[in-house]
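> Below is a structure I'd like to ask you about.
Number of protein chains: 2
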Amino acid sequence: MKNYLKHHEWRIIEEGFDPHYNKISESVFSIGNGRMGQRANFEEEYSGETLRGSYVAGVYYPDKTRVGWWKNGYPEYFAKVLNAPNWIGIHISIDNQKLDLAKCKTEDFRRVLDMKTGLLSRSFAATFPDGKKVRVDSRRFCSMAHGEIGAIRYAITALNFSAKAVISVYVDADVVNKDSNYDEKFWEEVYKEASEGKAIVTAQTKKTLFHVTTGMRYAIETDGKKAQPERINLEQREKFAGNVIQLNLEEGKENVIYKYAAILSSENHAKASLVANCSKVLDEAYNKGFEKLFEEHSNVWAHKWEACDITIEGDIAAQQGIRFNIFQLTQTYTGEDERLNIGPKGFTGEKYGGSTYWDTEAYCLPFYMATAEQKVARNLLVYRYKHLQKAIENGQKLGFTGGAALYPMVTMNGEECHNEWEITFEEIHRNGAIAYAIFDYIRYTGDEKYLTEYGLEVLIAISRFWAQRVNWSSHKNKYVMLGVTGPNEYENNVNNNWYTNTFATWTLEYTQHALSFVKKDDESRFSEILKRTSFDEKTEVAKWKDIIEKMYYPEDTTRGLFLQQDGFLDKELMSVSELKKEDRPLNQKWSWDRILRSCFIKQADVLQGLYFFEDKYSPETLRKNFDFYEPMTVHESSLSPCVHAILASRLGYKQKAYEMYLRTARLDLDDYNNDTEDGCHTTSMAGTWMSLVKGFGGMRVKDGKLCFSPFIPEQWKSYSFRLEFRGRVVKIKVSKDGTETRLESGDPMEIWLKDEKVMLK
Amino acid sequence: MKNYLKHHEWRIIEEGFDPHYNKISESVFSIGNGRMGQRANFEEEYSGETLRGSYVAGVYYPDKTRVGWWKNGYPEYFAKVLNAPNWIGIHISIDNQKLDLAKCKTEDFRRVLDMKTGLLSRSFAATFPDGKKVRVDSRRFCSMAHGEIGAIRYAITALNFSAKAVISVYVDADVVNKDSNYDEKFWEEVYKEASEGKAIVTAQTKKTLFHVTTGMRYAIETDGKKAQPERINLEQREKFAGNVIQLNLEEGKENVIYKYAAILSSENHAKASLVANCSKVLDEAYNKGFEKLFEEHSNVWAHKWEACDITIEGDIAAQQGIRFNIFQLTQTYTGEDERLNIGPKGFTGEKYGGSTYWDTEAYCLPFYMATAEQKVARNLLVYRYKHLQKAIENGQKLGFTGGAALYPMVTMNGEECHNEWEITFEEIHRNGAIAYAIFDYIRYTGDEKYLTEYGLEVLIAISRFWAQRVNWSSHKNKYVMLGVTGPNEYENNVNNNWYTNTFATWTLEYTQHALSFVKKDDESRFSEILKRTSFDEKTEVAKWKDIIEKMYYPEDTTRGLFLQQDGFLDKELMSVSELKKEDRPLNQKWSWDRILRSCFIKQADVLQGLYFFEDKYSPETLRKNFDFYEPMTVHESSLSPCVHAILASRLGYKQKAYEMYLRTARLDLDDYNNDTEDGCHTTSMAGTWMSLVKGFGGMRVKDGKLCFSPFIPEQWKSYSFRLEFRGRVVKIKVSKDGTETRLESGDPMEIWLKDEKVMLK
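Take a look at the structure:
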């Protein structure tokens, strides 16, 4: 846990430069626009600890799998988020001394991320070994208005000298992935050009053959007037193109380099047009100039904030925390491209590889449903529809037949990327989350037609998987599901994980509903789906009904508990409070077997199921299970506390709910888990949003209506949030005095506030 | 399954050269002497498929662990059997054409391993591209009389020409391990010399800094007379030293190169004396000459065979099979050095790394007890005693305290080498086998004093482990053991594996016996042990008694079954006969989760326990469990069928016993599992021996007496075996007419034959 960032309602602020925190700040101050992202690396050279990272959405590399012991069915390749060509570089040297904050004396260092406008600024004074001192002020953003444009305003002022500066402005595709399994470089040069004021490099990824064209133009001003460098040399080498400029720095005069970058990928352009299109985008950016581009960019942000902002009065740290989460989520995924998804680290790091986990469906979807137009959430669902064939193939690899789909645990293109048997092959509950997301989306939006268009096919394939994955236990006279890993990954290869069994039968139920709906909604489409999927409605549905009827769920009926899995009660049941401090976090201190046989829970499992299917269970059941499992939960997954916060809120455990909320809200800002340097926990940020809106705000959708049962944490004066809901924007403000609801746009509608109907006009 | 080797009572014979079989033959025709071993690679160059392998006992390399996903507690290093410097090389070229069987036309190829004398011979005629034809006849052995000497007689005759041959005779430490994780070479040069007729290279392993000095001298004869080469050039390069000889080959005259190699390691010599000692050994070998060395070598073999031979009349394939197994075991481990052990592939390959698995205690010990002097088996036990401190440290790594030991799954020096959590951390039954070996050794030899000297300390440490590894289940009101992998590795992380639970309480019982014995036997030693181990006899033993009393064992009392683990009956219970052919072997065809949730058993588990503790259970119990588990067992471990053969014999299932015996007896000769090219299944060869002696022969030791209840497979006329037992040699011959027993040496003693007492004189 660190505490070096200043609290501010709209800004993240770092004052003073501590190299030990640099990689953390590089993550936290990352900027992006859904199409690309950039860690907060310095423009100038930096020889200290840094994780350079530029990322282009959808561009990945299937690195050869590294494994200790191969298991049949493992993927050969592991799709990795690719570190993309560097577009920010502006290297400066004066009298053969490099501007490098690891080597110069640095004063007045300040790094600021303005979340309101998506602007990263940095300023400092640096003294070279020979005593020359400069002041630098840099600003940059990834345009939310033009997804392929990045812009930098880099100002340098000689404070106590006049001298010639050598400035290299470039683009560079000779970059590496830190997590490359065999220290391989993934990019190859396709094309490069450098001319005065401009450079372009096209690089292609090995194997996947994505092309990315990265170009730049720049303009230089001295004291606000266009400046003419003394000399410009073109610089080209392998995968690199740029200009080397000689510029006279006169003491006290500000020299500004405006660098405009265009990053285009073959995902969006014909390979043959990439260079030409890049030039066009560059010209557009150059002609508009920094200020105009920034205006367009910040207008988009203003519009976005209108829809998704949450205010908290009386607690600046909490206010900053929630905005930071919303900011990251919004700049990670804009929902405009159905081929994209939300990587666990967004555009802030390369760790974990792959772009899509069950995080998307289980944690992120509600945020995007409620804060963006409907198509954003819909595109997240369509993404999985497009991967259906691959999911069926993945099922086949594991011995399933007849169109049964197992969606991958981690994926970039629909293929499985992960290779731990206990996860890859056994953490199959992900299939349930993907089915649930369809239900959840329809419940929120009312867009039931989605079933006809896409949903039903996915549901049939997932149901087929469940129907094959269970087996009949003649011992129990029930269907059982053996050898799974539930959401609590501190248990592996267990039998009858309650969560997974529950999801299996729920899917079988819901798919029957979907069949009826589509049959009524569009008979010819229905027949087409049946034909295409070779669906034998009578036999398959009969089997599903039998499974639903005779499924086994582990329970302790005396205590009114659902058991996480068979045998859970054989464990030594302890409370987290009994653990010694030096044993935490367990995953860094205990060997895996010890973790597995302990009762300690990494993340909500039975409780996660109760959260999803809250309506099926009595408050008494929720309470008993919460009281039983909560004390054993170590929350060593960032995805855990939000679920506990929501259930605690539901149960009126306000203090617990607030405590759980705090654990996620500033997870990255305070580097709670000592791992923010690898990137931010982007997907869990959606959980923070849920803790507030579904937890404190008690937001639910029932029978097509929004419901709230809010409370306010003692520590706060008020909080408010907005929701997009079926064409309306609703604003809820909760304070000590009560709850205000307001319809900000759209037709009047009825909502439930606690147990009262309220008409919003 | 291949069938290219000729059947012969004493010889393994390959006729005709098929490059596809070369790596298999390299394994099968391997020779060794307990100190070193050598695959049957060619002396001359070979550019085809080959796995070059020379191995020096005790010399290993801790390669950096490769792992997909790191778990806390994994070893950083994986000790590997090292491919050691090449001492066999004799390269030949004539008119710039290399003698290389991948490039020459080969006729009359014949490779023969004479098991009686431990001699590998190879002969062939080869035609060079230009039509020149030579005949080669090579013989070599690793001296059983002088563990550091290898000798080669390499004869070459020009058949249709006279010409100059260039012959390179060398030693070469520039070798690689095929399984090097990062393609690293593990040897560095320390010293080299080359002079006329001689060369020496000392190389050291990285990290472990073992020194191995490999030297050679040679002599050349033409038509039986010492020949003078035309010219000799010394050849030295990195890690390589040798002579390049120009020799006139005259048509029809046989030229013989006698190459004598000495392989010395710093395990047995001061590093500073290695080169000098190597020279001495070389001189000794050179002066004795090939014939004399061979005579000494084959005398040792004759002596060994006297003790351990098994004859089978009426089935040459079976006779060859059993002798091959005995031959490999005998040349792998001679028991003279308590630092050594039996690697799963002996000296025939580098796969699996490490030298010691539970195979040693569970499968190999009985063979060495019965066929070699007592110290051989004793040294196998002392090996573990010497690793006790490391086993305690290994326990500490996994959270155990107070002197609890967990012996490693795989080791070379006492440290764990393996890194799969489900094996490394959970396959803890190995600890039980190590305790059982002490009991088994004492039962066979009567050497109860071993407890006082070494055994008790090991037993205390293992018992402490079990006492901590169980936990109290308030649900079951019993002690349980959660999260283990039993001998059947097709189940991972199960609860209450019957085998492991049974071994735990057995160890706790036996340790109490050991405590009483030592207390009586040597009180001061007893106090010393108590002090050294800080053993709190009262409290610890009380805890053990409580565990013994209240341990939980999964059972199906209705059917009279011990259950392999909790939940076994929830599986879909099927018979192996219901599997499709294309599903076999499961581990190559099914994904791991499918294997895990199936009922199919890789290797004996409950049955392995019943084999070890046969006396505790009624024949009815054995039968019920055998009848239940046997049909589900796929025997995809080479260690499985022997246990089934022994139990089937016991139960009178003669046909099943014979079928199981056949599965192992010719496993490598017929390359049953398509993997002999990686090396032979050395440890499972001891299982074959057990199938015959304990299975067909029904050999047991009860109350200090040998017991037999033999039967003869229908297909055989007779079989016989010898046993060393408490200073006697007993010979048993079983034929259709009955059983003959004979005391070949030692004092008279009583044995049981079926249910009759017989006095052997």
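Those protein sequences? They're chains A and B, same order as listed.
In terms of UniProt numbering, the first sequence is residues 1 to 761.
In terms of UniProt numbering, the second sequence is residues 1 to 761.
Each residue gets a CB set at the ideal place from its N, CA and C atoms; glycine is no exception.
Keep in mind it's a predicted model, so treat the numbers as computed, not measured.
1. Going along the segment 555 to 573 of chain A in order, which residues come within less than 7 angstroms of chain B, judged by CB to CB distance?
2. Between B:G414 and the rest of its own chain, which residues show a CB-CB distance below 6 angstroms, the 5 nearest in sequence each way excluded?
3. Quick check: the segment 428 to 440 of chain A against the segment 499 to 515 of chain A, are at least 3 beta-carbon pairs closer than 8 angstroms?
4. Can you tell me whether A:F327 is helix, strand or coil according to DSSP?
5. Pick helix, strand or coil for A:S25, following the three-state DSSP scheme.
6. In chain A, which residues lie less than 7 angstroms from B:L596 when you measure between Cβ atoms?
7. Give a yes or no on whether the minimum CB-CB distance between B:F628 and chain A is below 8 angstroms.
8. Apply the 10 Å Cβ neighbour rule to A:E727 and answer buried if 16 or more other Cβ atoms are within range, or exposed otherwise.
9. Specify whether the segment 99 to 116 of chain B and the segment 12 to 30 of chain B touch according to this definition: at least 3 beta carbon pairs, one from each stretch, less than 8 angstroms apart.
10. Reducing DSSP to helix, strand and coil, say where B:C278 ends up.
11. So, under 8 angstroms CB-CB, A:S138 and A:R153 are touching, yes? Tell me the CB distance rounded to an integer number of Å.
12. With A:G242 as the anchor, note down where its beta strand (DSSP E) starts and where it stops.
13. Between which two residues does the beta strand (DSSP E) holding A:W70 run?
14. Can you look up A:N477 in the DSSP assignment and give me helix, strand or coil?
15. From residue 813 of chain B to B:T683, what does the alpha carbon distance come to, in whole angstroms?
16. Please decide whether B:G727 counts as near chain A, where near means a Cβ-Cβ distance under 8 angstroms.
17. How is A:D556 classed by DSSP in three states: helix, strand or coil?
18. Mark A:V176 as exposed unless 16 or more other C-beta atoms lie within 10 angstroms of its C-beta, in which case mark it buried.
19. Answer yes or no: does any C-beta atom of chain B fall closer than 8 angstroms to that of A:G349?
20. Give the secondary structure of A:R666 by DSSP, where H, G and I count as helix, E and B as strand, and everything else as coil.
21. Which chain B residues are close to A:F425, counting only those with a beta carbon under 7 angstroms from its beta carbon?
22. What are the start and end residues of the beta strand (DSSP E) that includes B:D114?
23. Interface residues of chain B around A:H475 at Cβ under 7 angstroms?
24. Taking B:R66 as the query, report the chain A residues whose CB atoms sit under 9 angstroms from its CB, ordered along the chain.
25. From what residue to what residue does the alpha helix (DSSP H) around B:E366 run?
26. Which of helix, strand or coil does DSSP assign to A:H635?
27. Just to confirm the assignment: which complete beta strand (DSSP E) runs, minimum length 3, are found wholly within the segment 444 to 525 of chain A?
28. What three-state label does DSSP hand A:R39 in the structure shown?
29. Can you tell me whether DSSP reads A:W301 as helix, strand or coil?
30. Identify, in the order they occur along the chain, each residue of the same chain with its Cβ nearer than 6 angstroms to the Cβ of A:D114, setting aside the five sequence neighbours on each side.
31. Using the three-state DSSP reduction, which class does B:I152 fall into: helix, strand or coil?
32. Below 8 angstroms on C-beta distance, what does A:K71 contact in chain B?
33. Please classify B:Y407: does DSSP put it in a helix, a strand, or coil?
34. Please report how far the alpha carbon of B:Q565 lies from the alpha carbon of B:G486, in whole angstroms.
35. Suppose contacts are defined by Cβ-Cβ distances below 8 angstroms. Is A:N587 in contact with A:E636 by that definition?
36. Let me check one thing: in DSSP terms, what residues is B:L264 bridge-paired to?
Looking at the atomic coordinates:
1. D566, G567, L569, D570, K571, E572
2. Residue numbering aside, residue 414 of chain B sits at position 414 when the second sequence is read from its first letter. Here the set comprises H387, K390.
3. yes
4. Residue mapping note: residue 327 of chain A aligns to position 327 of the first sequence, counting from 1. In the structure shown, A:F327 sits in a helix (DSSP, three-state: H, G or I).
5. One-based indexing of the first sequence puts residue 25 of chain A at position 25. Note: A:S25 maps to helix in three-state DSSP.
6. Numbered from its first residue, the second sequence carries residue 596 of chain B at position 596. Here the neighbours are G483, N493.
7. Working through the second sequence from its first residue, we reach residue 628 of chain B at position 628. Taking Cβ atoms only, chain A never reaches closer than 8 angstroms to B:F628, which makes this a no.
8. For the purposes of this step, residue 727 of chain A is identified with residue 727 of the first sequence, where counting begins at 1. Note that residue 727 of chain A is Gly in the sequence shown, not Glu. The residue in question, A:G727, is exposed, as its Cβ has fewer than 16 Cβ neighbours within 10 Å.
9. yes
10. Against the second sequence, residue 278 of chain B aligns to sequence position 278. Helix at B:C278.
11. The sequence position of residue 138 of chain A within the first sequence is 138, counting from 1. The sequence position of residue 153 of chain A within the first sequence is 153, counting from 1. With 8 angstroms as the limit, A:S138 and A:R153 qualify as a contact, their Cβ atoms being about 7 angstroms apart.
12. Position 242 of the first sequence holds residue 242 of chain A. That run of the beta strand (DSSP E) goes 240 to 249.
13. Position 70 of the first sequence holds residue 70 of chain A. Element bounds for A:W70: n/a, residue is neither H nor E.
14. Locating residue 477 of chain A in the first sequence gives position 477, where the first residue counts as 1. Note: A:N477 maps to coil in three-state DSSP.
15. Outside the shown range of chain B (1 to 761) lies residue 813 of chain B, about which nothing can therefore be said.
16. Translated into positions along the second sequence, residue 727 of chain B becomes position 727. For B:G727, the answer is no, since every Cβ of chain A falls outside 8 angstroms of its Cβ.
17. One-based indexing of the first sequence puts residue 556 of chain A at position 556. Correct three-state label for A:D556: strand.
18. Position 176 of the first sequence, counted from the first residue, corresponds to residue 176 of chain A. It is exposed - the Cβ of A:V176 has fewer than 16 other Cβ atoms within 10 Å.
19. By one-based count along the first sequence, residue 349 of chain A stands at place 349. No, no contact with chain B.
20. Translated into positions along the first sequence, residue 666 of chain A becomes position 666. Note: A:R666 maps to coil in three-state DSSP.
21. The sequence position of residue 425 of chain A within the first sequence is 425, counting from 1. Those within 7 angstroms of A:F425 in chain B are S591, W592, D593.
22. Indexing the second sequence from 1 puts residue 114 of chain B at position 114. B:D114 -> beta strand (DSSP E) spans 105 to 114.
23. Within the first sequence, residue 475 of chain A is the residue found at index 475, counting from 1. Chain B residues near A:H475: L569, D570.
24. As a first step, residue 66 of chain B is located in the second sequence; it is residue number 66 there, counting from the start. Chain A residues near B:R66: R66, V67, G68.
25. In the second sequence, residue 366 of chain B corresponds to position 366, counting from 1. According to the sequence shown, residue 366 of chain B is Pro rather than Glu. Where B:P366 is concerned, the enclosing alpha helix (DSSP H) stretches over 365 to 371.
26. Along the first sequence, one-based indexing puts residue 635 of chain A at 635. Here A:H635 sits in coil by DSSP.
27. DSSP assignment within the segment 444 to 525 of chain A yields the following whole beta strand (DSSP E) runs of 3 residues or more, N-terminal first: 471 to 473, 478 to 480.
28. In the first sequence, the residue the question calls residue 39 of chain A occupies position 39. If DSSP states are grouped into helix, strand and coil, A:R39 belongs with coil.
29. Against the first sequence, residue 301 of chain A aligns to sequence position 301. If DSSP states are grouped into helix, strand and coil, A:W301 belongs with the helices.
30. Translated into the one-based positions of the first sequence, residue 114 of chain A becomes position 114. Taken in chain order, the residues that qualify are R11.
31. Taking the second sequence and counting its residues from 1, one reaches residue 152 of chain B at position 152. Three-state result, B:I152: strand.
32. Working through the first sequence from its first residue, we reach residue 71 of chain A at position 71. Those within 8 angstroms of A:K71 in chain B are S591, W592.
33. Locating residue 407 of chain B in the second sequence gives position 407, where the first residue counts as 1. Looking at B:Y407 - three-state DSSP - the assignment turns out to be coil, as it is neither helix nor strand.
34. By one-based count along the second sequence, residue 565 of chain B stands at place 565. By one-based count along the second sequence, residue 486 of chain B stands at place 486. Roughly 9 angstroms between the two C-alpha positions.
35. Position 587 of the first sequence holds residue 587 of chain A. Position 636 of the first sequence holds residue 636 of chain A. Closer than 8 angstroms, so yes.
36. As a working note, residue 264 of chain B is residue 264 in the second sequence. Per DSSP, the beta bridge partners of B:L264 are B:T213.
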